[in-house]
Amino acid sequence: MLKYYVKHFYYTRILIIIISLFLIIPLAGAAERKTYLVTAVHDGDTVSIKAKSFIGIPLKIERIRLIGIDAPELKQEPWGRRAKRHLKKLISESNWVVTVEFDVEQRDKYGRLLCYLWDKNGRLINERMIEDGYSVLYTMPPNVKYAERFTAAQKKAQSKNAGIWGKGGLKKSPEEWRKEHPKK
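Read left to right, the sequence shown gives residues -7 to 176 (the numbering used here).
Next comes the structure, spelled out in structure tokens:
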């Protein structure tokens, strides 16, 4: 009889472990994409989110650099300010709540999180910034998950003469502009 109980106890434990694994594994996958409140838009490709809070009081604010895009610098008038305004508009349309998705590298050399941002309707904000003509394609391997989508978005923006691709558009790419105007 004792053997029966030991065997039963053993099999019950294994069953509990297996069921637990089936419950935990989907949660681990869900950790790749989480929803956050955007607290600030710094420019056309950088925002801040409230990463952690306690009773609504932010404990940690994280800066996010949008992957795959390069928006004009704020001093690249008038396109820097326009890019910032457009990103702000896209995020406000999502009630300042975005879903964050990572790629291979999660931080840049400045400590910012590298992310794709999705709005409440499931649209990729990074892609919309390119397609609407407020940023250029800027791929940095290994973070190239949506590179083909972004390439197609830029071609679409160029063919529509949208934003920086239109009349009076951007004279120099953000990268060229930064080289000529290094931060001191």
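Every residue, glycine too, gets a C-beta built ideally from N, C-alpha and C. Fair warning: this is a prediction, and the values are worked out from it, not measured in the lab.
- For Gly60, the uninterrupted beta strand (DSSP E) run begins and ends at 60 to 62, by DSSP.
- Val128 counts as buried, since no fewer than 16 other beta carbons sit within 10 angstroms of its beta carbon.
- Between the stretch 158 to 169 and the stretch 53 to 69, the count of Cβ pairs shorter than 8 angstroms is three or higher; the stretches touch.
- The beta-carbon separation of Trp110 and Val30, rounded to 12 angstroms, does not stay under the 8 angstroms limit for a contact.
- Each residue's CA atom was taken as its position, placing Gly161 and Gly155 some 7 angstroms apart.
- Here Asn87 is not bridged, per DSSP, to any residue.
- Sequence-distant partners of Lys76 (beyond 5 residues in either direction) whose C-beta falls short of 8 angstroms from its own C-beta, in its chain, are Val33, His34, Asp35, Gly36, Ala63, Leu66.
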